[in-house]
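S.K.:
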Amino acid sequence: MAEDVFKALADPTRRLILDELTERNGQTLFEICSRLVTKHGLGLSRQAISQHLAVLESAGLVLSRRQGRYKFHDLDTEPLEHIVARWLRPDTPESAP
Numbered sequence: 078m079a080e081d082v083f084k085a086l087a088d089p090t091r092r093l094i095l096d097e098l099t100e101r102n103g104q105t106l107f108e109i110c111s112r113l114v115t116k117h118g119l120g121l122s123r124q125a126i127s128q129h130l131a132v133l134e135s136a137g138l139v140l141s142r143r144q145g146r147y148k149f150h151d152l153d154t155e156p157l158e159h160i161v162a163r164w165l166r167p168d169t170p171e172s173a174p
């Protein structure tokens, strides 16, 4: 699973999508596309952004939920917390003072 997270984070466009979801969670595909164009000058198609979202979703970094005819995307930081905890908070006895 950690490999998927690192693969997802390797792409700068996906990192920008995560930045936008950090700033404002629960966006539709249209909102994400609009923010990427206006704030970052990225003129990618909706299909391209949708494919990036699929990679983020498969890595567990983005959760999708349907509400009526809209699909909202939410950031999930749990996979990142597992990776950070691996190096910043090791659970080994020798790390205790």
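For the sequence shown, the numbering used here gives the first residue as 78, with consecutive numbering after it. Even glycine gets a Cβ: it sits at the ideal position worked out from N, Cα and C. A quick note: this is a predicted structure, and the numbers were derived from the prediction, not measured.
Going by C-alpha to C-alpha distance, which of R92, T105, L95 sits closest to G145?
M.R.: Nearest C-alpha to G145: T105.
S.K.: Nearest to I134 by alpha carbon, out of R123, S122, T154, Y147?
M.R.: One detail in the question is off: residue 134 reads as Glu in this sequence, not Ile. Ranking the options by Cα distance to E134, first place goes to T154.
S.K.: Find out if the Cβ-Cβ distance for the pair D88, H117 is shorter than 9 Å.
M.R.: It is not a contact, given that the beta carbons lie outside the stated cut-off.
S.K.: Leaving out five residues before and five after I111 in sequence, what residues of the same chain have Cβ atoms less than 8 Å from its Cβ?
M.R.: Before going on, a small fix: residue 111 reads as Ser here, not Ile. Excluding sequence neighbours, S111 sits near nothing in its chain.
S.K.: Rank R142, L113, A79 by C-alpha distance to the C-alpha of G103 and give the top, closest one.
M.R.: Checked all of R142, L113, A79; the closest Cα to G103 is R142.
S.K.: DSSP on D96, reduced to helix/strand/coil?
M.R.: The answer is helix: DSSP assigns D96 an H, G or I state.
S.K.: I'd like to confirm the pairing. Which residues does DSSP put opposite F149 in its beta bridges?
M.R.: Looking at the DSSP assignment, F149 forms a beta bridge with R142.
S.K.: Which residues mark the beginning and the end of the alpha helix (DSSP H) in which S135 is found?
M.R.: That run of the alpha helix (DSSP H) goes 123-135.
S.K.: Please classify H159 as buried or exposed, where buried requires at least 16 neighbouring CB atoms within 10 angstroms.
M.R.: By the neighbour-count rule (16 or more Cβ atoms within 10 Å), H159 is not buried but exposed.
S.K.: Assuming A152 contacts T99 under a Cβ cut-off of 8 Å, what Cβ separation, rounded to an integer in Å, is found between them?
M.R.: The sequence shown places Leu at residue 152, not Ala. Indeed, because the Cβ distance is near 6 Å, the residues count as touching under 8 Å.
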